[in-house]
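Trainee: Before I ask anything, let me first share the structure, which is written out below as structure tokens.
In this note's numbering, the protein residues as written are 188 to 243.
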């Protein structure tokens, strides 16, 4: 048991790419600061509710 090792792998590049995409979209749409902040906070909820499996 002393020789058991736990390997943790992190894939942070995908999250960074996602965040860069958000910032690009906010800049491309020329949103104001508060609308951009609202978009960053609310957009994951809308994506999750859209792609979630239907409740039976």
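The C-beta atom is built at its ideal place from N, Cα and C for all residues, glycine as well.
Determine the direct distance from the alpha carbon of residue 196 to that of residue 210, and round the result to whole angstroms.
Mentor: C-alpha separation (whole angstroms): 26 Å.
Trainee: Please report the distance separating the alpha-carbon of residue 222 from that of residue 206.
Mentor: Whole-angstrom Cα-Cα distance: 16 Å.
Trainee: Quick check: what's the CA-CA separation for residue 226 versus residue 237?
Mentor: Their Cα atoms are separated by approximately 16 Å.
Trainee: Considering just the uninterrupted stretch of the alpha helix (DSSP H) at residue 254, what are its terminal residues?
Mentor: No statement about residue 254 is possible, as the shown extent of the chain runs from 188 to 243 and does not include it.
Trainee: For a test of the three-state rule: what should DSSP assign to residue 229, helix, strand or coil?
Mentor: Note: residue 229 maps to helix in three-state DSSP.
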